[in-house]
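Letter by letter, the first sequence follows residues 19 to 973 of our numbering. The next block holds one structure in the form of structure tokens; read it before the comments.
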Amino acid sequence: MQEYNHSEIEQKWRQYWEDHQTYRVEEDESKTKYYVLDMFPYPSGAGLHVGHPLGYIASDIYARYKRLKGFNVLHPMGYDAFGLPAEQYAIETGIHPAKSTSQNIDRYRKQLSQLGFSFDWSREVRTCEPGYYKWTQWIFTQLFDHYYDLSDNKAVPISKLISTFDQSGNADVHAFATPSRDFTAAEWQSFDAKQQAEILMDYRLAYRRIGYVNWCEALGTVLANDQIKDGVSERGGHPVEKRAMTQWYLRITAYAERMLNDLAQIDWSESLKTMQVNWIGRSEGAAVFFDIVDHSAQIEVYTTRPDTIFGATFMVLAPEHPYVQQITTDDQREEVDAYLEYVKSRSERDRQAEVKTVTGTFTGAYAINPLNKAKVPIWIAEYVLMDYGTGAIMAVPSDDERDQKFSEKFGIEIIDVVDKSDYPGAGLHDKVGKMINSGFITGMQVPEAIEAVCQKVEDEQLGSRQVNFKMRDANFSRQRYWGEPFPIVYDDADIAHVLPIAELPVELPPSDDFTPTAAGESPLARMKDWVALPNGMKRETDTMPAVAGSSWYYLRYMDPHNDESFVATEKVNYWKDVDLYIGGAEHAVSHLMYARFWHKFLYDLQLVPTAEPFKKLINQGMIQGVIESVLLDKDPIDGKQRFVCAKLAAARGDADFARIPVKIEFVNDYGSDESHLDLAGIQKFIDWRSTYQDAIFECIEGEVINGVFHPRENAVSPTFYTHSEVGKMSKSKYNVINPDDVINRYGTDCFRMYEMFLGPLENSKPWDTNGIDGVSKFIKKCWRLFFDLEGRLTVSDENPSKDELRILHQTIKKVEEDIERHSFNTCISHFMVAVNQLRAFKTQKRAIAEALTILLAPFAPHLAEELWQRLGHLASVHQASFPTFEAEHLVVSEISYPISINGKKRAEASFAANASKEDVEREALALDSIQKWIDGKTVRKVIVVPKRMINIVVG
RNA sequence: GCCGAAGUGGCGGAAUUGGUAGACGCGCUGGAUUCAAAAUCCAGUUCUCGCAAGGGAGUGUGGGUUCGAUUCCCACCUUCGGUACCA
């Protein structure tokens, strides 16, 4: 008996596709373009895991479907190759990131090839190659050379701004910027180069300013938030503090309004759009200046509730606020310093998330409420963040929960200013009610009061109306090696200059030392010869973040080898934008914000023809893994690090422990309540993480120190329980499962169909191979539909019967509809149903077999190709045309109706398809099976939904 | 904390616009085939009461709207994603 041999057949067709360049695509004006894009993979050292292909399979099915429908489909793949993990790996192992990245890419490529995707590999890009990052750097130079003009509502060259300054100063400049002062043309001309450069920085779309980083003294490096767990470094558990550094920023906030408005023109899920709307966080309010008693400086606050200003009984500055040092009184100095020390150790996320206990300290200084001249104390507190708004708030304890908690804790006066008694059920933040205790606005309704205060503030020049965004400008500097160098040099006066295109790319210099300098500068700062240029200039030593390369890669795929331009105009005018983008929801804000921002900027420069990059977007769910971790006691005893088994730790509470991830292969019974390390597992863990070599592992049976078990009483062996949770499959969680084994055993087509069969694309689900046999059986059954036991084709040229045509067209209809709505799991079910039904016929008719093969081609491209060839075709099935659905094959004369009594199904009956409502009702009521339910009761109502159901209401 | 999503049999899931809850598949049970096993095929399989016929309950929890709710509304619980230097 000849069975379907997946490894041989799949191998054969992959070779054929490569030899024949089946998926190569060129611009073709005679066809409609369709661009199907996958989110850019980062080539992780753990290889491709079973979660990655989920989206790729879906997009591949759709791309293949669109080709069968006659579209010219662009479906490329490449690598987001710069990033922290490769650098981290280099620090640990000494292997250069370029080398490990290239090896990882090779592995990815091999794995991707095995999945039978229809990528045009001639278009592959890698962000870490100079030919690519030349253009990332070039786009940065354009951002540096432009500012956002609010009159034109777009990016405008900075040269135009300079000539305006020359002619009339900045009084008439209407720009999205952060100017620190007003000046005339004469003043501008009198400024020296340094002063002028600093002023321009307030306008540029790429600019420098001070920002805060997570500095870990013990590791001597800046940490990503991801590398910090429970306030200490994930690696080693060392303290982390905030440190100020001058860094590059991108003025993404200039585009906030447009990014918000243009959401209306793109086909993304409402939930995703909502996330972006909330991230942008547009609010309308007022900026108001408060005088400080005995100081000349003023504190600027931004408030969305200017109406509540009479209830502002104190002010709060962010601990990092520049005024804190100067206004703190001698009496309070010690307390303030101690508090600042505390805040340094707190992560931004902790500071925002903290609600149970508020903390803060009085500075000793007072401010004057500009409207009622009340003297109010100035406090500092961690819940005010320097990067939000102005880094200072007027606190209104009567109308804000945080302020309320704060005033309760520290005994600060609360003045009720809004009477909401006319609005029962209104929340604290609803802008309704009548003003009380509020000077000239007392008695006004809230909206009216907001308007009145804004007007007064403007009339008396105490501030101005303002639109604010919660979104902040993007920090674009990394003190790291493995990223794009900035195309920036500094002169003697520390003025930044961009390099002209002729000097791009600025290549990343070879190095084998990837640790930052003692001062926290990037590793590049160590390379004096590279930093210092012959002309006396010095290079910028920070590098760009990984989002740089991924913010425009979809454009490069249109023209990947162009050395004259980031993309040729005629190519971008043909491919325009991405029609379907599939990727994880974890990119909902970060990547999708940056890419939209860059695209709009390029649109302003007339370099791309559309205002939005991604027309339709689907978030694939995540295939999750099990994260296993051991619990490290945050308080070492006698300086010894101590791990405590999860069952012992449970008694003490989570807060006392840091979770240190463990490779799942070390863990016995991983994923269950009983997951644990045995003695060998502990040994593997300390061999792998040598920093914990001397740590103590405490469990119920005793302690393990340096791999030696010290039992308590008569215990024989230790069971060190680990903490397990469902979560992301990620190299950093050491829980990656590769697809290779599954493919070897079941074949690519089976793997592809199984991943789709798992459930809806958008849902997250833990990886599990239970059920893959069902798909495997389906493929075999499908094969047997075409061949007898000796492997002879059993397809005949007879005309198909009515039943066969009905089965086929039912399947065409359902599969087509479901592909269109990206419901791939149900497509697989439809195929199974079709094959089960067709098995009733001894031989298959050619017309049915061929159509079914084409339907199957996007899902099981190898199998379909083999069937197609055996059916006698010479060209690839992927160049065929999708079969056309013909409704006449589905016409039925009778329809089966469920009949319910009071909403509960009690009977079933068939009625003619063309029967009238009245006929159906009369016949239904006459049925014996119904009579017994309505006997002796009153029929109050009969609902007949034609072709659907009948409901009889009795009482 | 805040923003977003999900929750349906033993398991993955289906039900597209408010209209037969559990399609399809896994697993399980029984049977056929076989010396035996694998493979294959056939039948059954939400829970519960019942010999059966036939009832009752049922889509995370509690309420509501409706002739009718997995689907709409309100409140809550749990899990997952994001939270600005993982990508």
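Even glycine gets a Cβ: it sits at the ideal position worked out from N, Cα and C. Note that the structure is predicted; figures quoted are calculated from it, not measured.
- Burial of Ala882 is indicated by the presence of at least 16 other C-beta atoms within 10 angstroms of its C-beta.
- With a cutoff of 8 Å on beta-carbon distance, Thr377 and Ala399 are scored as near each other.
- Around the Cβ of Lys863, a 10 Å sphere holds 16 or more other Cβ atoms; the residue is buried.
- The beta carbons of Phe619 and Leu161 sit about 7 Å from each other, so the pair counts as a contact at 8 Å.
- Along the length of the stretch 142-211, whole alpha helix (DSSP H) runs at least 4 residues long occupy 148-162, 176-186, 203-208, reported in chain order.
- Per the coordinates, the alpha-carbon of Val258 lies some 10 Å from the alpha-carbon of Asp248.
- Glu835 and Leu86 have their alpha carbons spaced roughly 15 Å apart.
- Selection Leu218, Ser693, Ile678 evaluated against Val685 yields Ser693 as nearest (Cα-Cα).
- By the Cβ-count criterion, Arg730 is exposed, with fewer than 16 other Cβ atoms from all chains shown falling within 10 Å of its own Cβ.
- Pairing Thr740 with Arg253, the inter-Cα distance amounts to about 18 Å.
- With respect to the 8 Å criterion, Leu697 and Ser735 are classified as neighbours on the basis of their beta carbons.
- Rounded to the nearest angstrom, the gap between the Cα atoms of Tyr406 and Ile176 is 27 Å.
- In chain order, Glu716, Cys717, Ile718, Phe738, Tyr739 place their CB closer than 7 Å to the CB of Cys663, counting only its own chain and leaving out the 5 sequence neighbours on each side.
- One thing to note: Tyr575 has its Cβ within 8 Å of the Cβ of Arg141.
- Only buried fits Asn188, as 16 or more other CB atoms lie within 10 angstroms of its CB.
- Under the DSSP assignment, Cys800 falls in the alpha helix (DSSP H) whose first and last residues are 790-804.
- Measuring C-alpha to C-alpha distances from Leu133 to each of Arg614, His70, Gly63, Glu906 identifies His70 as the nearest.
- The shortest C-alpha to C-alpha distance from Pro757 to any of Arg420, Glu28, Ser365, Val68 is the one to Val68.
- The residues Leu161, Phe162, Asp163, His164, Tyr165, Ile176, Arg269, in chain order, have a CB closer than 8 Å to that of Arg222 in the same chain once the five nearest residues on each side in sequence are set aside.
- Nearest in C-alpha terms to His880, of all of Ser894, Gly890, Glu44, Asp46, is Ser894.
- Our two residues, Thr159 and Arg227, have alpha carbons roughly 17 Å apart in a direct line.
- Just so you know, the alpha carbons of Tyr230 and Thr239 end up roughly 13 Å apart.
- By DSSP's assignment, Arg222 forms a beta bridge with Tyr165.
- The stretch 754-783 is shown to contain whole alpha helix (DSSP H) runs of 4 or more residues at 758-764, 766-775, in chain order.
- Take Asp806, set aside five residues on each side of it, and the residues of its chain with a beta-carbon closer than 8 Å to its own are Thr812, in chain order.
- Sorting Ile837, Lys798, Glu926 by C-alpha distance to the C-alpha of Glu21 places Lys798 at the top.
- Residues of the same chain with a CB within less than 6 Å of the CB of Val334, apart from the 5 flanking positions on each side, are Trp397, Ala399, Val402, Ile411, Ala413 in chain order.
- Residue environment: Gly409 is assigned as buried (16 or more neighbouring CB atoms within 10 Å of its CB, all protein chains considered).
- Secondary structure note for Gln855: its alpha helix (DSSP H) is the uninterrupted segment 842-856.
- Selection Gly461, Gly63, Asp946 evaluated against Asp440 yields Gly461 as nearest (Cα-Cα).
- In this structure, the CA atom of Asn243 is about 8 Å from the CA atom of Ser365.
- With contact defined as three or more Cβ pairs closer than 8 Å, the stretch 302-309 and the stretch 317-337 are in contact.
- For Val361, the secondary structure class from DSSP, reduced to helix, strand or coil, is helix.
- By the criterion of a C-beta distance shorter than 7 Å, Met545 is surrounded in its chain by Pro527, Ser529, once the five residues flanking it on both sides are discounted.
- Here the alpha carbon of Tyr97 sits roughly 6 Å from the alpha carbon of Tyr60.
- Around the beta carbon of Ile655, fewer than 16 other beta carbons lie within 10 angstroms, which makes this residue exposed.
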